[in-house]
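2 protein chains.
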Amino acid sequence: MKVYSKFARHLVAVDCIIFGYDIYEKAIKLLLVKRSIEPAKGKWSLSGGFVDEKESLDNAAKRILFDLTRLKNVFLSQSYTYGDVKRDPGARVISTAYFALIKIRDIDNKIKKLNGAEWKPVSKIPALIFDHQKMVSDALSELQNQIKARPVGFELLPEKFTLVQLQDLYEAIYQREIDRRNFRRKILSMNLLQQLNEKEKETSRRGAYYYKFIPERYKSFSKNGFNFNLDAS
Amino acid sequence: MKVYSKFARHLVAVDCIIFGYDIYEKAIKLLLVKRSIEPAKGKWSLSGGFVDEKESLDNAAKRILFDLTRLKNVFLSQSYTYGDVKRDPGARVISTAYFALIKIRDIDNKIKKLNGAEWKPVSKIPALIFDHQKMVSDALSELQNQIKARPVGFELLPEKFTLVQLQDLYEAIYQREIDRRNFRRKILSMNLLQQLNEKEKETSRRGAYYYKFIPERYKSFSKNGFNFNLDAS
Chain S
1 MKVYSKFARH
11 LVAVDCIIFG
21 YDIYEKAIKL
31 LLVKRSIEPA
41 KGKWSLSGGF
51 VDEKESLDNA
61 AKRILFDLTR
71 LKNVFLSQSY
81 TYGDVKRDPG
91 ARVISTAYFA
101 LIKIRDIDNK
111 IKKLNGAEWK
121 PVSKIPALIF
131 DHQKMVSDAL
141 SELQNQIKAR
151 PVGFELLPEK
161 FTLVQLQDLY
171 EAIYQREIDR
181 RNFRRKILSM
191 NLLQQLNEKE
201 KETSRRGAYY
211 YKFIPERYKS
221 FSKNGFNFNL
231 DAS
Chain L
1001 MKVYSKFARH
1011 LVAVDCIIFG
1021 YDIYEKAIKL
1031 LLVKRSIEPA
1041 KGKWSLSGGF
1051 VDEKESLDNA
1061 AKRILFDLTR
1071 LKNVFLSQSY
1081 TYGDVKRDPG
1091 ARVISTAYFA
1101 LIKIRDIDNK
1111 IKKLNGAEWK
1121 PVSKIPALIF
1131 DHQKMVSDAL
1141 SELQNQIKAR
1151 PVGFELLPEK
1161 FTLVQLQDLY
1171 EAIYQREIDR
1181 RNFRRKILSM
1191 NLLQQLNEKE
1201 KETSRRGAYY
1211 YKFIPERYKS
1221 FSKNGFNFNL
1231 DAS
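Top to bottom, those sequences are chains S and L. Per the working numbering, the first sequence starts with residue 1, numbered consecutively. Per the working numbering, the second sequence starts with residue 1001, numbered consecutively.
Laid out in structure tokens, this is it:
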């Protein structure tokens, strides 16, 4: 429209913070790539790209995630938009960050090799380009908030998991220990998990029952004003 | 930089959700304007504008807020970026929303008249242009979350207030009643308020002590890992 034509136009990018959880190392990890264009070519970076003319921000995030991982229907949540004029030394670029939660085993190792991407534990991230370190720490805070109030943690776990594995995940995200009995009581009282007739026996002789998360229960409870609250301390 | 030159450029706007609190009506209100340009000229709208070439998103939000209210140093928080291709019928515009918390009495009535702006209770908002209604409800959810975890509510109150007035504010934001004794106990135990030697006597004969919030205490407590938590129920 003509009235808008006098205003400045900007490059707009989306950067994806891709979180995965390593159930054996009990560590939250980030999928990082080596940047393919100048400036800062070859440096560790989040996976990002420019928003096309006829593409929504959400679709740009989905495209960037798919191009790297070949995954669709992944949990994606917008976290923050970074708009400082000099944040990218290449040009003025406004960037909206999204974080994704994926199951590490869903990514084919071949794909990873093809793209030169690597999983790095959030506790030991290499130097990242531009303001990507800030994007990661903001997204991690946001994840810490969301995991208290919504059942997003299950996106990071295999379909079946033990209660200890679920607690390990929460401790990895909160980056502190939480009380075991309180946690079990809270999560079981919400009635969102189904106990399976099968035990995990690698870590103890007695074994621990596997559970799975039933998203339909959460949906139907939420409609009735149910409040997910796992602010375990 | 040359490598970026092939990518699309976008109009980027900032829209401000300006919240105020009416201590007498016990209502959260929004400062709305009538849109001055086509399309949708003359319709109720948030106060917004386009981001300049050499202006950060934060500075654009401050400028837009200042142009309307003549206020500086106002609480501003980015809430979400709206990136659907057809959200604005005038052109493809990506818009980042910020919400502001201001004391209603800080705004001169003359300025309001000059700009044709009006305070409307959030419970009775007129039809707004584009996706502005969604921006308001998202910002309100964000405010509900922030007010639990950070002392942002004081931005909306006069310098001195009674505990009942503070509770009224929380009830107006949560849009539900909260338990009076629990609330008083929680807020006083945080030791962030100073009781003044002065009473409010308009609403009861016995009167109620005024308090004020001491931001320095919050800053010094926060450094030592203090956790503001007013998740009163």
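Here a beta-carbon is modelled for each residue, glycine too, at the ideal position from N, C-alpha and C.
Residue-level contact to chain L via CB, residue i, 7 Å cutoff
i	result
S:K62	no
S:V3	yes
S:D84	yes
S:G90	yes
S:L57	yes
S:T69	no
Contact belief for residue i with residue j at Cβ below 8 Å, rounded distance in angstroms
i	j	result
L:P1151	L:F1213	7 Å
L:L1030	L:I1125	6 Å
L:L1156	L:L1114	In fact, because the Cβ distance is near 24 Å, the residues do not count as touching under 8 Å.
S:A139	S:S79	5 Å
L:E1198	L:Y1210	5 Å
S:I178	S:Q194	Wrong, their Cβ atoms sit about 23 Å apart, outside the cutoff.
L:S1045	L:C1016	Between L:C1016 and L:S1045 the Cβ distance is about 11 Å, and since that is not below 8 Å, they are no contact.
S:I64	L:V1003	Actually they are not in contact, since the Cβ atoms of S:I64 and L:V1003 sit about 17 Å apart, beyond 8 Å.
L:A1008	S:D52	6 Å
L:E1159	L:L1032	Their Cβ separation, rounded to whole angstroms, is 26 Å, which puts L:E1159 and L:L1032 out of contact at 8 Å.
S:G49	S:A60	7 Å
C-beta neighbour in chain S for residue i, strict 7 Å
i	result
L:D1052	yes
L:V1074	no
L:L1046	no
L:S1233	Because the pLDDT at L:S1233 is just 48, under 50, the model does not fix this residue reliably, and the point stays unresolved.
L:N1227	no
L:T1247	A query on residue 1247 of chain L cannot be resolved here, the shown segment of chain L reaching from 1001 to 1233 and no further.
L:F1221	no
Buried or exposed by the 16-neighbour rule on C-beta atoms within 10 Å, applied to residue i
i	result
S:S233	Legend: pLDDT at S:S233 = 48, less than 50; position of this residue unreliable, value from coordinates given subsequently. Under this definition S:S233 is an exposed residue.
L:Q1165	buried
L:G1153	buried
S:V14	buried
L:A1097	buried
S:T162	buried
L:E1055	buried
S:R92	buried
S:A149	exposed
L:N1088	A small correction: the amino acid at residue 1088 of chain L is Asp; Asn does not occupy that position in the sequence shown. Label assigned to L:D1088: buried.
S:R35	buried
L:L1143	buried
L:N1229	exposed
S:L222	Note that residue 222 of chain S is Ser in the sequence shown here, rather than Leu. With fewer than 16 Cβ atoms within 10 Å of its Cβ, S:S222 is classed as exposed.
L:G1083	buried
S:G42	exposed
L:S1220	exposed
L:G1020	buried
L:L1188	exposed
L:K1072	exposed
L:Y1170	buried
L:I1129	buried
In DSSP terms, what residue i is bridged to
i	result
S:T81	S:T96
S:L76	S:A100
L:L953	Coverage of chain L is limited to positions 1001 through 1233, which leaves residue 953 of chain L absent and any answer about it impossible.
L:H1132	Per DSSP, none; premise fails for L:H1132.
L:I1028	L:Y1021
S:D15	S:G48 and S:A97
S:K120	S:L30
L:A1208	L:E1200
S:R9	L:L1011
Distance cut-off 6 Å: residue i Cβ against heavy atoms of the ligand MN
i	result
S:D84	Summarising the ligand content, the structure contains no ligands, and the ligand MN is consequently not present.
Exercise. Return the residues of the stretch 1007 to 1022 of chain L that lie within a Cβ-Cβ distance of less than 7 Å from chain S, sorted by chain order.
Key: For the stretch 1007 to 1022 of chain L, the beta-carbon criterion of a distance under 7 Å to any beta-carbon of chain S is satisfied by F1007, A1008, R1009, H1010, L1011 and V1012.
Quiz item: According to a CB-to-CB cut-off of less than 9 Å, which residues of the stretch 157 to 178 of chain S neighbour chain L?
Solution: Along the stretch 157 to 178 of chain S, none of the residues has a CB nearer than 9 Å to a CB of chain L.
Quiz item: Of all the residues that make up the stretch 1021 to 1043 of chain L, which are near chain S by a beta-carbon distance shorter than 9 Å?
Solution: With the criterion set as a beta carbon lying under 9 Å from some beta carbon of chain S, the members of the stretch 1021 to 1043 of chain L are I1037, E1038 and P1039, in sequence order.
Practice problem: Below 9 Å between beta carbons is the criterion; list the residues of the stretch 1133 to 1153 of chain L that meet it against any residue of chain S, in chain order. | Solution: If the cut-off is 9 Å between Cβ atoms, the stretch 1133 to 1153 of chain L has N1145 and A1149 near chain S.
Self-check item: chain L contacts from the stretch 88 to 112 of chain S (Cβ-Cβ distance under 9 Å)
Solution: The residues in question are D88, P89, G90, A91, R92, V93, I94 and T96.
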